[in-house]
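Just so you know, we're using this note's numbering here: the sequence shown kicks off at 939 and counts up by one.
Every residue, glycine too, gets a C-beta built ideally from N, C-alpha and C.
If you're wondering where the values come from, they're calculated on a predicted model, not measured in any experiment.
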Amino acid sequence: MKLIKAIIRPNKVDDLKEAFAKIQIAGMTVTEVRGHGRQKGHTAVYRGREYEVTLLPKMQVETVVPDELVEPALQAIRDAARTGEIGDGRVFICPVEQSYNIRTGERDIA
């Protein structure tokens, strides 16, 4: 099993949810986050004053998938979240040793 974390633009979450549904990935956790990568923010004007916005709003989408779904999930993220511009995001893939269902106590072993 692998944990896939994708940091994407907020307006791409629904597209990703639909892409995951097409490949039978049912579960995901979405968290509002702020950060910057290469673009390092931008200058904005509020009430006539300029200021630097260094931490941009993003969404972190996390899902755990079996090893055989890692590549389809990665492709779904690329297809759904890519605009071709700076700030599209980043994907991280980490191994998962075990998972437990809290309600049933069922354990999944990688």
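Taking a C-beta distance under 8 angstroms as the contact criterion, K940 and D1005 qualify as a contact pair. Between P948 and R972, the CB-CB gap reaches or exceeds 8 angstroms. Per DSSP, the continuous alpha helix (DSSP H) segment holding R1016 begins and ends at 1008 to 1019. K943 is a Cβ neighbour of Q998, given a cutoff of 8 angstroms.
The continuous beta strand (DSSP E) containing K943 extends over residues 940 to 946. Short of 7 angstroms from the beta carbon of R976, and not among the five residues preceding or following it, lie these beta carbons of its own chain, in chain order: I1024. In the structure shown, E956 falls within a helical segment according to DSSP collapsed to helix, strand and coil.
Judged by pairs of C-beta atoms under 8 angstroms, the stretch 1026 to 1038 touches the stretch 1000 to 1015, as three or more such pairs exist.
In the DSSP annotation of this structure, the continuous segment of the beta strand (DSSP E) that includes P995 starts and ends at 994 to 1003.
Beta-bridge analysis with DSSP links G973 to L994.
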